[in-house]
Amino acid sequence: MKKVEIDPYELADVTVSKSTLLVSKGQGKINVMALDWKSIGELWMYPVCTIAVARSRYTYSLLNETPEFTLNVPSPEISSAVSIAGGSSGRDTDKIAQAGLTLTPSKHISVPMIEEAMISYECKIIHTAESGAVCSTHRLFFGEILAAYADESLLKK
116 MKKVEIDPYE
126 LADVTVSKST
136 LLVSKGQGKI
146 NVMALDWKSI
156 GELWMYPVCT
166 IAVARSRYTY
176 SLLNETPEFT
186 LNVPSPEISS
196 AVSIAGGSSG
206 RDTDKIAQAG
216 LTLTPSKHIS
226 VPMIEEAMIS
236 YECKIIHTAE
246 SGAVCSTHRL
256 FFGEILAAYA
266 DESLLKK
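Structure follows, in structure tokens:
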């Protein structure tokens, strides 16, 4: 799969309609979690990916330690990775190895992307907010999208 850099908004509709894999790092480890609560939009004229993460999740502590993440849309070949990433905690399990995922370095942040993903976003957290009474167990993280990549077969010719 050959990935090319794309405009952050180009495949946003595909990204927000699918289960995704969020990669974070901290405490000497790299972790992946399944993520459905996300959006892509604009904040203060920056392209952003907004994610909601429960305070009880291991990923929550990693995002606070290293305020960067990659958001990865799995290709059909790795769709089972979503169940693995959502089925246990990275505190106790190397979910990346268990899911058979390959990490590849990002260009702008220290958190890697998933090689097998069909779309990936490199994000640096620029703001956080309480999610409010609707879902008081989660915090919103606003990640400026520094770069986005997609399998070139997804792009309209």
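According to our numbering, the residues represented by the sequence shown are 116 to 272, in order. We treat Cβ as the ideally placed atom computed from N, Cα and C, and that holds for glycine.
Query                                                                                                                    : Result
8 Å Cβ cutoff met for residue 147 and residue 239                                                                        : no
Rounded Cβ spacing between residue 237 and residue 214 (contact assumed at less than 8 Å)                                : The pair is not a contact, with the Cβ atoms about 20 Å apart (cut-off 8 Å).
Supposed close pair residue 139, residue 177 - CB separation, criterion 8 Å                                              : 4 Å
Local conformation of residue 195 per DSSP, three classes                                                                : helix
Three-way DSSP call (helix, strand, coil) for residue 124 in this model                                                  : coil
Residue 150: first and last residue of the uninterrupted beta strand (DSSP E) it sits in                                 : 144-150
Nonlocal neighbours in the same chain, by C-beta distance under 6 Å from residue 133, ignoring five residues either side : 188
Alpha-carbon spacing of residue 184 relative to residue 174, whole angstroms                                             : 10 Å
Range of the contiguous alpha helix (DSSP H) that encloses residue 239                                                   : From DSSP, residue 239 is part of no alpha helix (DSSP H) but of the beta strand (DSSP E) over 232-245.
Own chain residues within Cβ distance below 6 Å of residue 182, not counting five before or after                        : 240
Selection from 137, 186 and 167 that minimises the alpha carbon distance to residue 243                                  : 167
Cα-Cα separation between residue 203 and residue 271, rounded to whole angstroms                                         : 37 Å
Distance between residue 128 and residue 141 (C-alpha atoms, nearest Å)                                                  : 30 Å
Buried/exposed call for residue 223, threshold 16 Cβ in 10 Å                                                             : exposed
Residue 225 versus residue 198: straight-line alpha-carbon distance, rounded                                             : 25 Å
Assigned exposure category for residue 233 - 16 Cβ within 10 Å defines buried                                            : buried
Other residues of its chain near residue 154: CB distance less than 8 Å, five sequence neighbours each side excluded     : 131, 164 and 165
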